[in-house]
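S.K.:
Number of protein chains: 2
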Amino acid sequence: LPTPCALVEWEAVERNTARMAERVSTLGARLRPHVKTHKCVEAGRLQVRGHFGGITVSTLAEARLFAAAGFRDITYAVPVAPARIREALGLARGLERLTLLLDSEELLREVERCSAAQQVRASVLLKIDCGLHRCGVDPRTVEAVELAAACSRAPHVDFRGILTHAGHSYGCRDREGLRAVAREEREIAVGFAERLRGEGIAVPEVSIGSTPTLAVAEDLTGVSEVRPGNYVFFDALQVALGTCALEDVAFSVLTTVIGSFPDRLVVDAGALALSKDAGPTHLQPGCGYGLVMGEQGVEPLRVAALPQEHAVLLPRASKDLRRHPVGARLRIVPYHSGLAAALFDRYVVLKGGEPGEEWRPVRGL
Amino acid sequence: LPTPCALVEWEAVERNTARMAERVSTLGARLRPHVKTHKCVEAGRLQVRGHFGGITVSTLAEARLFAAAGFRDITYAVPVAPARIREALGLARGLERLTLLLDSEELLREVERCSAAQQVRASVLLKIDCGLHRCGVDPRTVEAVELAAACSRAPHVDFRGILTHAGHSYGCRDREGLRAVAREEREIAVGFAERLRGEGIAVPEVSIGSTPTLAVAEDLTGVSEVRPGNYVFFDALQVALGTCALEDVAFSVLTTVIGSFPDRLVVDAGALALSKDAGPTHLQPGCGYGLVMGEQGVEPLRVAALPQEHAVLLPRASKDLRRHPVGARLRIVPYHSGLAAALFDRYVVLKGGEPGEEWRPVRGL
Numbered sequence: 246l247p248t249p250c251a252l253v254e255w256e257a258v259e260r261n262t263a264r265m266a267e268r269v270s271t272l273g274a275r276l277r278p279h280v281k282t283h284k285c286v287e288a289g290r291l292q293v294r295g296h297f298g299g300i301t302v303s304t305l306a307e308a309r310l311f312a313a314a315g316f317r318d319i320t321y322a323v324p325v326a327p328a329r330i331r332e333a334l335g336l337a338r339g340l341e342r343l344t345l346l347l348d349s350e351e352l353l354r355e356v357e358r359c360s361a362a363q364q365v366r367a368s369v370l371l372k373i374d375c376g377l378h379r380c381g382v383d384p385r386t387v388e389a390v391e392l393a394a395a396c397s398r399a400p401h402v403d404f405r406g407i408l409t410h411a412g413h414s415y416g417c418r419d420r421e422g423l424r425a426v427a428r429e430e431r432e433i434a435v436g437f438a439e440r441l442r443g444e445g446i447a448v449p450e451v452s453i454g455s456t457p458t459l460a461v462a463e464d465l466t467g468v469s470e471v472r473p474g475n476y477v478f479f480d481a482l483q484v485a486l487g488t489c490a491l492e493d494v495a496f497s498v499l500t501t502v503i504g505s506f507p508d509r510l511v512v513d514a515g516a517l518a519l520s521k522d523a524g525p526t527h528l529q530p531g532c533g534y535g536l537v538m539g540e541q542g543v544e545p546l547r548v549a550a551l552p553q554e555h556a557v558l559l560p561r562a563s564k565d566l567r568r569h570p571v572g573a574r575l576r577i578v579p580y581h582s583g584l585a586a587a588l589f590d591r592y593v594v595l596k597g598g599e600p601g602e603e604w605r606p607v608r609g610l
Numbered sequence: 246l247p248t249p250c251a252l253v254e255w256e257a258v259e260r261n262t263a264r265m266a267e268r269v270s271t272l273g274a275r276l277r278p279h280v281k282t283h284k285c286v287e288a289g290r291l292q293v294r295g296h297f298g299g300i301t302v303s304t305l306a307e308a309r310l311f312a313a314a315g316f317r318d319i320t321y322a323v324p325v326a327p328a329r330i331r332e333a334l335g336l337a338r339g340l341e342r343l344t345l346l347l348d349s350e351e352l353l354r355e356v357e358r359c360s361a362a363q364q365v366r367a368s369v370l371l372k373i374d375c376g377l378h379r380c381g382v383d384p385r386t387v388e389a390v391e392l393a394a395a396c397s398r399a400p401h402v403d404f405r406g407i408l409t410h411a412g413h414s415y416g417c418r419d420r421e422g423l424r425a426v427a428r429e430e431r432e433i434a435v436g437f438a439e440r441l442r443g444e445g446i447a448v449p450e451v452s453i454g455s456t457p458t459l460a461v462a463e464d465l466t467g468v469s470e471v472r473p474g475n476y477v478f479f480d481a482l483q484v485a486l487g488t489c490a491l492e493d494v495a496f497s498v499l500t501t502v503i504g505s506f507p508d509r510l511v512v513d514a515g516a517l518a519l520s521k522d523a524g525p526t527h528l529q530p531g532c533g534y535g536l537v538m539g540e541q542g543v544e545p546l547r548v549a550a551l552p553q554e555h556a557v558l559l560p561r562a563s564k565d566l567r568r569h570p571v572g573a574r575l576r577i578v579p580y581h582s583g584l585a586a587a588l589f590d591r592y593v594v595l596k597g598g599e600p601g602e603e604w605r606p607v608r609g610l
């Protein structure tokens, strides 16, 4: 295999997706897995097994790819840019449902305007903020209730309910912290849904979830569906968070040693293979850009510098590096598999450790 | 234009490339510009104007693209992985010269073995380390001289000379620091070349250079060629270093406001549009992931969080954000244009501020 090369271990994907599907069933919710980590149909098909087949996407390019592959119920879980609503509604025509996210009056106005013009009803979820402070209305406010009411009244909008994402779980320090965020994610969403129902607003969908919160969630009462995504591949960040074991990580980058010096190694996987995601610096300051894997597991090497097309590996403690000569192969498990995977045109899928089929992720808008 | 969209200002590219070409001529060296920042033929053609036409690449994919476009003299400026030497030598057959880089006996042995097997002579430069401590032999050592001697004796190697890159210039704090690194880059390279010549080794090529060191270099005596690359586009890091003005930056990412909250904005350019390069944190701690440009220039906004497909902009000081409503367009100048540009399939080229042609960068290996 020419390097750098994106490797996906099929058995790990199969195991990760089966476990999550079962876990979510046991907890009594529907699974609408996110496909943004891998952006390819094959992994999406493994994710939906045993569930209703709905998925979550982060781009309209993903939506188009999965729609073409037969997925019929898709939630586009980033608030839609006004100029792309028309395109999204057009894509929705061929599907059972393409649900859009919104979190402002302006967006509601635009969605209503476009769906009226296109003579369709837009399926809509209201995004609420449960502590991440990125997208989403503050569910404690009157404005949040008013916006939900406005959605439910809008003539060309099919108001589906509410959605939140506890992405701040990635900043937790331990499982106790994760459990607190997971509880809050559910309570805030379910509480807000109850408040809306108290106002006479129908809220069929209460959608929550992230891989870390799903890893520890004990109660999904009142939640209709969950949307984890990273668990398909996992990554070194999830290992650091304790939400998976190292052997669960399905994605890595194969690289070749191109320089072997007394004090450092140089390999041919750079920022355009690993991404410059800084990893869980709150847990492991100076962690570098990934875990270096040799034949005996994690090597005591830090991905210390990451130029565009190569990387410098330094020993974590003093150590003779000479046992990795020029030409040797190493694998690097990145901290953020979604960002690294998106840098490749194809993933080489290993079955029983042997390269077999290739999966091709979709790119762009 | 659908967002996120990579914008290239043609006038800035034209001006940046003309200036660098003239500057290098005035200093008496040849320009072998690096194309890795943009990876597209159109920008490469602007770079070589007035010079001999040679270029520098960071991947064999770039080498193939430019070879197909008629470029005849290419230096592949990353030490070649042993398994890719055969491919590189095959590509060299159709060219005047494809020069490979090496910095170890192992690589020399592999290059000699492959070129003997393919019955060609491999054009080779020895990479030396002038302080960056990534690739390259330490030119103060006996081993460095011995490796150069071995290159010059190898029957299937055409030893072209030495190459260095003062990438540590990117860590400088001011122009005085840059000037010191630029002087050192030249002196170490020229000094080592002289030492080799003293040993009877022919050193036709002494190749140095980075955009920051070329911005301040006052003397290139003894240097045959220079290889800056970033100057085509520049970026927010170069602005912070003082090696260009903001109006020289040719690359930016157009984005749409999808959330406008009292305390923050959310835009639709995420880590897959800007890259997670952390920028010049040694100069500007907490600088975020780029400079946000509005109609009146730099906005007092920090790209504070960068999920995969969207970004959160926070005020640098307290400020009402409401003047950027949902749907508004902003441009973000990333800190590392090479990494951001590589995330796009195409750049929309603006002439006189109007979108015209598109340039398509090459991707992958």
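If you're matching them up, the sequences are chains A and B in order. For the first sequence, the numbering used here gives the first residue as 246, with consecutive numbering after it. For the second sequence, the numbering used here gives the first residue as 246, with consecutive numbering after it. Note that CB positions come from ideal geometry on N, CA and C, so glycine has one too.
(1) Determine which residues of the segment 362-378 of chain A have a Cβ less than 8 Å from any Cβ of chain B, and write them out in chain order.
(2) According to DSSP, simplified to helix, strand and coil, what is residue 280 of chain B?
(3) Under 8 Å by Cβ, that's how I've got residue 641 of chain B and residue 310 of chain B pegged, so tell me the actual separation to the nearest angstrom.
(4) Decide yes or no for the touch test of the segment 494-509 of chain B against the segment 252-267 of chain B: beta carbon pairs closer than 8 Å, at least 3 of them.
(5) Within the same chain, show all residues whose beta-carbon is closer than 8 Å to that of residue 611 of chain A, passing over the 5 residues directly before and after it, in chain order.
(6) Along chain B, which residues have their Cβ under 8 Å away from the Cβ of residue 306 of chain A?
(7) Mind checking which residues open and close the alpha helix (DSSP H) that includes residue 457 of chain B?
(8) Taking 7 Å as the limit between beta carbons, can you name the residues of its chain near residue 603 of chain A, skipping five residues before and five after?
(9) For residue 301 of chain B and residue 342 of chain B, what's the separation of their Cα atoms in angstroms?
(10) Counting only runs of 3+ residues fully inside the segment 415-462 of chain B, write out the beta strand (DSSP E) ranges in chain order.
(11) So what does DSSP say about residue 601 of chain B, is it helix, strand or coil?
(12) For residue 403 of chain B, which three-state DSSP category applies?
(13) Provide the residue span of the beta strand (DSSP E) that contains residue 594 of chain A, from first to last.
(14) Less than 7 Å between the beta carbons of residue 412 of chain B and residue 281 of chain B, yes or no?
(15) Please work out which residues of its chain come closer than 7 Å, Cβ to Cβ, to residue 359 of chain B, disregarding the five sequence neighbours upstream and downstream, and give them in chain order.
(16) Counting only the same chain and skipping the five closest in sequence on each side, list residues whose C-beta sits under 6 Å from that of residue 552 of chain B.
(17) Between the segment 556-572 of chain A and chain B, which residues of the former have a C-beta closer than 7 Å to a C-beta of the latter?
(18) Indicate the three-state DSSP secondary structure (helix, strand or coil) for residue 548 of chain A in the structure shown.
(19) Using CA coordinates, which residue listed in A:267, A:327, A:517 is at the minimum distance from residue 534 of chain A?
(20) List the DSSP bridge partners of residue 395 of chain B.
(21) Thinking C-beta only, is residue 434 of chain A closer than 7 Å to residue 462 of chain A?
(22) Excluding the 5 residues preceding and the 5 following residue 383 of chain B in the sequence, name in chain order all residues of the same chain whose CB lies nearer than 7 Å to its CB.
(23) Evaluate residue 526 of chain A with the Cβ neighbour count: other Cβ atoms within 10 Å of its Cβ, from every protein chain shown; 16 or more gives buried, anything less gives exposed.
(24) Three-state secondary structure (DSSP) at residue 365 of chain B?
(25) Return helix, strand or coil for residue 505 of chain B, following the three-state DSSP convention.
(26) Would you say residue 596 of chain A reaches chain B, if we count a Cβ-Cβ gap shorter than 7 Å as a contact?
(27) Let me check understanding here. Comparing Cα to Cα, which of A:532, A:478, A:259 lies closest to residue 597 of chain A?
(28) What does a CB cutoff of less than 6 Å around residue 303 of chain A pick up in its chain, not counting 5 residues either side in sequence?
(29) State yes or no: is the beta carbon of residue 501 of chain A nearer than 7 Å to at least one beta carbon in chain B?
(30) If you measure between the beta carbons of residue 307 of chain A and residue 327 of chain A, is that distance less than 7 Å?
(31) Considering just the uninterrupted stretch of the beta strand (DSSP E) at residue 342 of chain B, what are its terminal residues?
(32) Compile a chain-ordered list of the residues in the segment 514-526 of chain A whose CB is closer than 9 Å to at least one CB of chain B.
(33) Assuming residue 379 of chain B and residue 320 of chain B are in contact, meaning their beta carbons sit under 8 Å apart, how far apart are those beta carbons, in whole angstroms?
(34) Who are the Cβ neighbours of residue 454 of chain B in its own chain at under 6 Å, not counting the five residues just before and after it?
(35) When Cβ atoms are compared, which residues of the segment 386-400 of chain A fall closer than 7 Å to chain B?
(36) In the structure shown, what three-state DSSP assignment does residue 582 of chain A receive?
M.R.: Answer, in terms of the structure:
(1) 378
(2) It is coil, neither helix nor strand.
(3) As shown, chain B starts at 246 and ends at 610. That puts residue 641 of chain B outside it, with no answer to give.
(4) Proximity of the segment 494-509 of chain B to the segment 252-267 of chain B meets the contact definition, three or more beta-carbon pairs being nearer than 8 Å.
(5) For chain A, the structure presents residues 246 to 610; residue 611 of chain A sits outside this window and is missing.
(6) None at all; the shortest Cβ gap to chain B is about 10 Å.
(7) 456-461
(8) 591, 592, 593, 594
(9) Rounded to the nearest angstrom, the gap between the Cα atoms of residue 301 of chain B and residue 342 of chain B is 12 Å.
(10) 450-453
(11) strand
(12) strand
(13) 592-596
(14) Contact flag unset, no.
(15) 330, 331, 334
(16) 515
(17) When CB distances to chain B are screened at a threshold of 7 Å, the residues of the segment 556-572 of chain A falling below it are 557, 570, 571, 572, in chain order.
(18) strand
(19) Residue 534 of chain A has its Cα closest to that of A:517, out of A:267, A:327, A:517.
(20) BP columns for residue 395 of chain B are empty, so no partner.
(21) A distance of 7 Å or more separates the beta carbons of residue 462 of chain A and residue 434 of chain A.
(22) 374, 389
(23) exposed
(24) coil
(25) In the structure shown, residue 505 of chain B sits in a strand (DSSP, three-state: E or B).
(26) no
(27) A:259
(28) Excluding sequence neighbours, residue 303 of chain A sits near 281, 323.
(29) At least one C-beta of chain B is nearer than 7 Å to the C-beta of residue 501 of chain A.
(30) no
(31) Where residue 342 of chain B is concerned, the enclosing beta strand (DSSP E) stretches over 342-347.
(32) Of all residues in the segment 514-526 of chain A, only 515, 516, 517, 520, 521, 522, 523 place a beta-carbon less than 9 Å from a beta-carbon of chain B.
(33) Actually they do not touch by this definition, with Cβ atoms about 17 Å apart.
(34) 471, 472, 473
(35) none
(36) Secondary structure of residue 582 of chain A (DSSP, three-state): helix.
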